[in-house]
Amino acid sequence: MDTLILAIESSCDETAAAVVKNGRQVLSNVINSQIDIHTRYGGVVPEIASRNHIKNIDAVVDGALTDAGCTFNDLDAIAVTYGPGLVGALLVGVSYAKGLSYALHKPLIPVHHIKGHIMANFIAHPELEPPFVCLVASGGHSHIVLAEDYLNFKILGRTRDDAAGEAFDKIARVLSLGYPGGPKLEALAKDGNAEALEFPRVSMKDNEFDFSFSGVKTAVINYMHKAEQKNSAVNKADVAASFQAAVTDVLCKHTTMAAVKNGVQTVALAGGVASNSNLREKMLSYADKHGLKLYYPPPVLCTDNAAMIGCAGYYEFLNGNVADLSLNAVASIPLSD
Ligand code: KG4
Ligand code: ZN
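Its first residue numbered 49, the sequence shown is counted upward by one per residue in the working numbering.
Here it is in structure tokens:
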């Protein structure tokens with residue numbers, strides 16, 4: 049028998065709903081992005097994000113059902129992101145999902161946002177099976193995760209300071225590119241020379257898979273300040289390309305090492321930064337060199353969406369992980385117990 053899940057995602061600045069069949073078949077995937085609103089402020093304003101989720105969620109859920117050609121009665125369960133994320137933003141999706149679950153008498157499935165990002169790979173690649181090592185690089189997180197099966201995820205490495213996406217966003221601001229920084233910096237970097245400037249690639253002695261991006265960020269900021277003081281011209285495209293190369297070098301090196309040292313033959317990318325084409329190309333060449341198979345989702349499944357939450361929710365549902373109406377939004381939740 050088929051299992052139809054309505055999934056809801058509202059952890060940051062995307063209001064999203066999707067209908068997913070049997071975990072991997074996406075019947076609809078509606079995303080209302082607030083990027084244009086937050087661009088005016090140079091970043092996500094939590095209170096404004098929450099208010100816009102409230103404004104949009106009805107239409108987004110309606111759209112997901114219509115696109116999937118189904119009604120509330122056809123659904124088997126409601127899955128929702130309950131964290132990590134902006135707590136006010138999460139609360140909108142969680143409250144809405146709880147309301148639906150109560151009114152429709154359908155099970156409520158709590159989903160961890162980062163698990164969702166990793167699971168996007170299962171939607172894009174029906175043949176993919178665990179175990180694999182996944183780099184999750186988004187605006188709030190940079191983890192190297194061992195996906196042991198569909199429910200258990202072990203963190204092998206993590207950032208000690210900024211997330212990779214956060215570093216992209218900050219350097220984009222320094223280069224006056226605006227928000228969201230990642231895609232804008234990537235576009236500018238295409239016209240630059242990645243070897244023009246040497247920015248640091250940091251490794252930690254006590255965990256070789258961990259990341260630190262504050263050093264590269266400071267190096268770029270110092271370079272820009274010095275140029276300004278000397279009144280010397282800056283080639284912003286070279287700065288963008290050299291910064292991007294420093295970040296993607298470390299992401300690829302540590303992810304590959306984590307797979308090799310854990311005896312895993314498959315690697316995957318997830319999260320907003322996984323849509324970066326320099327990262328994808330470089331990771332492909334690292335994977336080839338080490339005989340690893342590489343998977344990554346299309347860009348629309350890398351950035352925040354509800355289809356990935358529907359996929360993760362399906363496996364939680366199969367495992368009987370159902371919440372009651374006391375489910376709350378949580379700003380920070382560990383990936384594994
Ligand atoms: O996964 P996501 O949509 O939201 C979070 O859960 O954080 O990731 C958003 C992050 C932002 O920091 C954005 O700048 C970054 O992903 N990003 C990129 C690219 N597209 C999005 N970073 C680098 N290159 C890109 N093409
Ligand atoms: Zn995300």
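Quick reminder that beta carbons are idealized off the backbone N, C-alpha and C, glycines included.
How big is the Cα-Cα spacing for residue i and residue j?
i    : j    : result
A60  : D336 : The sequence given here has Cys at residue 60, not Ala. Looking at the two C-alpha atoms, the distance is approximately 35 Å.
E62  : I53  : 19 Å
G205 : K163 : 15 Å
L75  : A66  : 7 Å
D352 : L342 : 21 Å
A195 : I56  : 23 Å
K309 : A137 : 38 Å
L134 : S260 : 23 Å
A107 : G319 : 25 Å
G311 : L332 : 18 Å
K274 : E246 : 15 Å
K253 : R208 : 12 Å
C182 : C118 : 33 Å
A307 : I85  : 40 Å
I203 : D258 : 10 Å
N200 : N169 : 15 Å
N100 : S81  : 10 Å
A377 : E177 : 30 Å
K330 : P231 : 17 Å
S224 : M272 : 12 Å
P346 : Q277 : 42 Å
V282 : R88  : 26 Å
Do you know whose CA, among the options, lies nearest residue i's CA?
i    : options                   : result
I102 : S58, Q313 and K284        : S58
F180 : G368, T303, A379 and A371 : T303
S262 : V193, A294 and F365       : A294
I192 : V298, Y89, D286 and G368  : V298
V68  : V135, K274 and F365       : F365
L340 : V282, M305, T114 and M49  : M305
A116 : L148, Q73 and S224        : Q73
D50  : K278, L123 and Y89        : L123
Is the CB-CB distance between residue i and residue j below 8 Å?
i    : j    : result
V184 : H153 : no
L373 : Y144 : no
P248 : V222 : no
A97  : I357 : no
D217 : G240 : no
Y362 : G71  : yes
A64  : A354 : yes
V140 : I105 : yes
G226 : V321 : no
C300 : Y334 : yes
V159 : Y198 : no
T296 : N255 : no
A379 : P132 : yes
A172 : S190 : no
P155 : A125 : yes
V250 : V268 : no
I157 : V370 : yes
V142 : L375 : yes
A244 : L233 : no
A285 : L236 : yes
A242 : A289 : yes
Where does residue i land, buried or exposed, given buried means 16+ other C-beta within 10 angstroms?
i    : result
S384 : exposed
H167 : Checking the sequence, you will find Met at residue 167 rather than His. Flag for M167 reads buried.
N121 : exposed
A360 : buried
N77  : buried
H161 : buried
Q292 : buried
H338 : exposed
G229 : buried
T314 : buried
K146 : buried
N324 : buried
In terms of DSSP beta bridges, what is residue i paired with?
i    : result
Y343 : A316
H160 : G131
E62  : S81
C182 : V193 and A316
A73  : With the sequence shown as reference, residue 73 is identified as Gln, and Ala is not the correct amino acid for it. Partner(s): K69.
I53  : V68 and A125
I29  : Residue 29 lies beyond the range of the chain shown here (49 to 385); nothing can be said about it.
F259 : T207
A371 : L156
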